[in-house]
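J.:
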Amino acid sequence: NRWELDGGGEFGALFNVSYSETHYRDDTITAGAAFPFFTNNPQAMYSPYSRIPEYDSLGNQIWEPGQENGLPNTPGSTLNVEGEPTEYLIAR
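Going by our numbering, the residue at position 41 of the sequence shown is 87; the numbering climbs one at a time, nothing skipped.
1. Do A90 and A137 come within 9 Å of each other at the CB atom, strictly closer than that value?
2. Which class does V63 belong to by DSSP, given the choice of helix, strand or coil?
3. Which value, in whole angstroms, describes the spacing of the CA atoms of L125 and F61?
4. What is the DSSP secondary structure of D104, reduced to helix, strand or coil?
5. If contacts are defined as beta-carbon pairs under 8 Å, then N86 and Y95 qualify, I think. What distance do you get, rounded to the angstrom?
6. If you reduce the DSSP assignment to three classes, tell me which class R48 lands in.
7. Counting only the same chain and skipping the five closest in sequence on each side, list residues whose C-beta sits under 6 Å from that of Y101.
8. Is P118 helix, strand or coil when you go by DSSP?
9. Once DSSP output is grouped into helix, strand and coil, what is the label at E110?
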């Protein structure tokens, strides 16, 4: 709106109000390494291209999230899954 002032001038004001609400989670981000996934030939207990869990069915740690240098990304690198060396893919 505009208002005329004494002396021939004008005064104007513009008001803007907004509100935003978001629902998202960023607490699942892992610093360092991206997540390891099985290849098309996983262990018998797992599905092809599924995410490799941090621990196997016996409670042994397979990989540690948040490593400063991440997981090895050299072709042929393996993780010990259920007691067997298993090749993996890295994806975000």
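For each residue, glycine too, the CB sits at the ideal point set by N, CA and C.
T.: To lay it out plainly:
1. One-based indexing of the sequence shown puts residue 137 at position 91. One-based indexing of the sequence shown puts residue 90 at position 44. Not in contact: A137 and A90 (Cβ atoms no closer than 9 Å).
2. As a working mapping, residue 63 is identified with position 17 in the sequence shown. Note: V63 maps to coil in three-state DSSP.
3. What you label residue 125 is simply residue 79 of the sequence shown in a count that begins at 1. What you label residue 61 is simply residue 15 of the sequence shown in a count that begins at 1. Near 59 Å, if we compare the C-alpha coordinates of F61 and L125.
4. What you label residue 104 is simply residue 58 of the sequence shown in a count that begins at 1. What sits at residue 104 in the sequence shown is Leu, not Asp. Coil at L104, not helix or strand.
5. Stepping through the sequence shown from its first residue, residue 86 is reached at position 40. Stepping through the sequence shown from its first residue, residue 95 is reached at position 49. So it is a contact: roughly 7 Å between Cβ atoms.
6. Taking the first residue of the sequence shown as position 1, residue 48 is located at position 2. R48: strand per DSSP, three-state reduction.
7. On the sequence shown, position 55 is the one that residue 101 refers to. Contacts found: Q107.
8. For the purposes of this step, residue 118 is identified with residue 72 of the sequence shown, where counting begins at 1. In this structure, P118 counts as coil in the three-state DSSP scheme.
9. Position 64 of the sequence shown, counting from 1, holds the residue named residue 110. If DSSP states are grouped into helix, strand and coil, E110 belongs with coil.
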